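S.K.: Residue numbers (our numbering): 626 to 1053. So that we are looking at the same thing, I have put the structure below in structure tokens.
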């Protein structure tokens, strides 16, 4: 297996660093539009793991917006797998480039949705991932696999949902992905500051679009942003966090393979963050449509959202100033295998202190990067295989979770997953 990682930002950097602890591949090519970022990642691996490990890593320049350019870099390096680690707006070009190069493909965020109806409870338009699933026949005909949504959320949450469906429940009322954290970022004076731990570009996209909910009787429908607030108690010391509906891939993936009455995604944003997101939206600063603005070099066109992203700290650099834990998982309710009501939360927690110490990577991007590396190892060994456009739910969950648990002890894949029993809910 020869892996081309497209993007050497926080997540791409962490993917390479985690892969450096494993030996299932022949080579990893870390690529970025700014090749110096890819070179820094390779240099870190050489310093931490030595020349023998680093010999399997190289850096390359790539333009993720150009399908032909992506295909050319993949071919030049003999890539068998293209790992997409750039913003979701580049999914179409990297996706097309991988197929053109005859390589398999993985991503952690799927092709973007088109503007949804603003009125709640309407059928959505073009949903997350629709563009990719429409091309499934091309991938099947080529005998190639596109494993989409294989990060942490989506990704591990989908694997855990498959595990619950296979082993813990005979009927599922709801598959509810729940994401929360107690992370704090401080400035040099020790004061808490606003600094999103993940790409603000992606956060604005998923939080301001009308969320999609899936129900067996009505299919996919939209609801209002930040709707249905609930306080969810997260494990391992994180505690209660208010979570709200957000547009996310799990809701578009899980119903394709898993049988449930309802599928949702709720994110623990907090009142301050929601207020900032609404203000950016109301001021037009969340827009991706370029505006003509003045500059020292004359008029230029720039998207307001790109300005917001440039003004905030790079999430990849926040680790030294961040403290706390982040938790991702799926809350499942229904009838257990013993025939009685059951509710469980299957989850994974990452502590920023641990990920910084072991990988020099802040915990949110590290946790996102962890799961595609596990998936790549399963693909390399033939434990997972397939063709077409498939989500994580299409594969057996046991090998994934067993590999995560086995390798946790040696530091390669951090902490294993957990399961928290909850009070069963009424089936009214």
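Idealized CB from N, CA, C, for every residue including glycine. Quantities reported herein were computed from a predicted structural model and do not represent experimental measurements.
1. Would you mind giving the Cβ-Cβ distance between residue 715 and residue 961, rounded to the nearest angstrom? I have them listed as a contact below 8 Å.
2. In its own chain, which residues sit with a C-beta less than 6 Å from the C-beta of residue 1045, not counting the 5 before and 5 after it?
3. Would you mind listing the alpha helix (DSSP H) stretches within the region 753–834 that are 4+ residues and don't spill past its ends, in chain order?
4. Would residue 1025 pass as a contact of residue 784 if the rule is Cβ separation under 8 Å?
5. What does DSSP give as the partner residues of residue 859 in its beta bridges?
6. Using only the alpha-carbon positions, how far apart do residue 1014 and residue 681 sit?
7. Can you pull the DSSP bridge partners for residue 1048?
8. Determine, using beta-carbon pairs with one atom in the region 939–957 and one in the region 804–812, whether at least three such pairs fall under 8 Å.
9. On the criterion of 16 or more Cβ atoms from any shown chain inside 10 Å, does residue 713 qualify as buried, or is it exposed?
10. Between residue 1009 and the rest of its own chain, which residues show a CB-CB distance below 6 Å, the 5 nearest in sequence each way excluded?
11. Going by DSSP in three states, residue 967 sits in which element: helix, strand or coil?
12. Apply the 10 Å Cβ neighbour rule to residue 720 and answer buried if 16 or more other Cβ atoms are within range, or exposed otherwise.
13. Among 986, 733 and 697, whose alpha-carbon lies nearest the alpha-carbon of residue 771?
14. At which residue ranges does the region 959–1033 contain complete beta strand (DSSP E) runs of 3 or more residues, listed in the order of the chain?
15. Give the straight-line distance between the Cα atoms of residue 788 and residue 957, rounded to the nearest whole angstrom.
16. Run through DSSP, which three-state label would residue 937 get?
17. Pairs of beta-carbons, one from the region 827–841 and one from the region 897–916, closer than 8 Å: are there three or more?
18. Drop a sphere of 10 angstroms on the beta-carbon of residue 659, count the other beta-carbons inside from all chains shown, and report buried for 16 or more, exposed for fewer.
M.R.: Concretely, from the data shown:
1. For the purposes of this step, residue 715 is taken as the residue at position 90 of the chain shown. For the purposes of this step, residue 961 is taken as the residue at position 336 of the chain shown. Not quite, the Cβ-Cβ distance comes to about 42 Å (not below 8 Å), so this is no contact.
2. Taking the chain shown and counting its residues from 1, one reaches residue 1045 at position 420. For residue 1045, where only same-chain residues beyond five positions count, the Cβ hits under 6 Å are 860 and 970.
3. 755–758, 761–767, 781–792 and 825–833
4. As a position in the chain shown, residue 1025 is number 400, starting the count at 1. As a position in the chain shown, residue 784 is number 159, starting the count at 1. Yes, the pair counts as a contact, with Cβ atoms nearer than the cut-off.
5. Counted from its first residue, the chain shown places residue 859 at position 234. Note: residue 859 is bridge-paired with 864 in the DSSP secondary-structure output.
6. Position 389 of the chain shown, counting from 1, holds the residue named residue 1014. Position 56 of the chain shown, counting from 1, holds the residue named residue 681. Roughly 29 Å separates the two Cα atoms.
7. For the purposes of this step, residue 1048 is taken as the residue at position 423 of the chain shown. Partner(s): none; residue 1048 has no beta bridge.
8. Taking a cut-off of 8 Å for Cβ pairs, the region 939–957 and the region 804–812 touch, as three or more such pairs fall below it.
9. To locate residue 713, count along the chain shown from 1; it is residue 88. It is buried - the Cβ of residue 713 has at least 16 other Cβ atoms within 10 Å.
10. Looking up residue 1009 in the chain shown gives position 384. Once the five neighbours on either side are set aside, the close Cβ partners of residue 1009 are 1003 and 1020.
11. Stepping through the chain shown from its first residue, residue 967 is reached at position 342. It is a strand residue.
12. Position 95 of the chain shown, counting from 1, holds the residue named residue 720. Buried, since its Cβ has 16 or more Cβ neighbours within 10 Å.
13. If you number the chain shown from 1, residue 771 lands on position 146. Comparing Cα positions, the closest option is 733.
14. 966–976 and 1013–1015
15. Here residue 788 refers to the residue found at position 163 when the chain shown is read from its first residue. Here residue 957 refers to the residue found at position 332 when the chain shown is read from its first residue. When rounded, the separation of the alpha-carbon atoms in residue 788 and residue 957 is 11 Å.
16. Reading the chain shown from its first residue, position 312 is the one you call residue 937. In the structure shown, residue 937 sits in coil (DSSP, three-state: anything other than H, G, I, E or B).
17. yes
18. Within the chain shown, numbered from 1, the residue matching residue 659 stands at position 34. Label assigned to residue 659: exposed.
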